[in-house]
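Okay, so here's the structure we're looking at.
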Amino acid sequence: MLPLRELQARFLRSIATTPERSDGHGFDPALLELVEGRGRLGSTDRLGVYTEMYWARLLDVLRDDFPRVAAVLGADRFTALAGAYLERHPSTDPSVRWVGANFADFLAEWGPVDDLPFLADLARLEWTRLAVFDAADAAPLRLETLRAIPPSEWPRLSFHPVSALRVVRCAWPVHELWVADDPKAAATTVRPAATVLRVWREAFAVYQTPVDAVEHVALRQLLAGAPFGVMCDRLEAVLPPPAVAREAGALILRWVEDQILALPLAPSRRGRAR
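When you line the sequence shown up against our numbering, it's residues 18 to 291, in that order.
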């Protein structure tokens, strides 16, 4: 009798074979000897049932995690593409949460979807939404707390983002496909356009919005942990100097409203860049 751990490992290797190749010849002989046939189903048939169920479950996970990609491709094409992905990137984590971790990169390199060049960006957005949904909770910064900070402290004050915030850079405006009633129809009219998306969560709802160059610069400083004064310095590259403080303050207020800022850090020693 095989040790339990070895038996489990062999069982997983056997059922993780794609259905098209699970004709029985690929099953571990030692494993086949341990599986009893019942009724019309021999040991090979019974292992084949597990293989089909395992495979179908992973396809369901990918379909649930990338619903807009699935809608654009259609059922048959998505199933074929997902199968090719799973052959190249078999699941290695005990949790199905990570099955699609390489899906966007796979789509970017997969020749058969060259007619849908935006597909990798769409998958990247959908994966980011999952990460944001799963991110740890954090107490958001409140407006009353912000108002209590003396103006003299602002240049050295560092804010930090909540965990449920991501910035996604895309070559296509894929957020339009996400909100479309018919993503497949919308895909026929989408045109390339460099797009930066802010993705965040409020309670159990995930949102995304395109940001302009000003907010993009500010978000980069926020995510880097730069103090407010340094953020203002960086904004001078995209704004006239007289408008910097006003626009930076407006962004902070917007982020507070969207609940993407956690409580501010202690004043930074870096100060305002000169």
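C-beta atoms are modelled at their ideal positions from N, C-alpha and C, and glycine is treated no differently.
Keep in mind the model is a prediction, meaning the values are calculated, not measured.
Residue of S108, V185 and R173 minimising C-alpha distance to E143: V185
Whether T212 touches P244 by CB criterion (8 Å): no
Segment contact, 8 Å Cβ cut-off, at least three pairs: the segment 167 to 182 with the segment 148 to 156: yes
Cα-Cα separation between F176 and L280, rounded to whole angstroms: 7 Å
Beta strand (DSSP E) segments (min. 3 residues) lying fully within the segment 58 to 83: none
Whole-Å CB distance - T226 paired with R215, under 8 Å assumed: 6 Å
Alpha-carbon spacing of R57 relative to A222, whole angstroms: 49 Å
A235 beta carbon less than 8 Å from that of L268: yes
8 Å contact criterion, which A121 and A140 should meet: CB distance rounded: 4 Å
Chain-order list of residues whose beta-carbon lies under 6 Å from that of R251 (same chain, five-residue window excluded): V234 and Q238
Minimum length 3: unbroken beta strand (DSSP E) runs contained in the segment 188 to 256: 212 to 219 and 222 to 227
Residues that DSSP places opposite L278 in a beta bridge: P178
Sufficient close CB pairs (3 or more, under 8 Å) joining the segment 154 to 163 to the segment 93 to 112: no
Reference T206; option with closest CA among A26, S31, V89 and L49: V89
Status (buried if at least 16 other CB within 10 Å, exposed otherwise) for E232: buried
Through-space distance from P20 to P107, alpha-carbon basis: 24 Å
Of the listed residues D229, L278, A210 and P168, nearest to G242 (C-alpha basis): L278
Pair within 8 Å by beta-carbon distance, A203 and A197: yes
Beta-carbon contacts of Y67 that lie in its chain and below 7 Å, excluding the five residues immediately before and after: I32
CB contact flag (D138, C187, <8 Å): yes
Reduced DSSP secondary structure (H/G/I, E/B, other) of R164: helix
R183 in three-state terms, based on DSSP: strand
Neighbourhood of L194 by C-beta distance below 8 Å, restricted to the same chain and skipping five residues each side: R85, V89, F135, L139, P200, A203, A204 and V207
Run of the alpha helix (DSSP H) containing S31, from where it starts to where it stops: L21 to I32
Residues sharing a beta bridge with P157, DSSP: A279
Nearest-angstrom Cα separation, counted from T109 out to A87: 23 Å
Integer Cβ distance of Y273 from L163, believed to fall under 8 Å: Checking the displayed sequence, the identity of residue 273 turns out to be Val instead of Tyr. Between L163 and V273 the Cβ distance is about 6 Å, and since that is below 8 Å, they are a contact.
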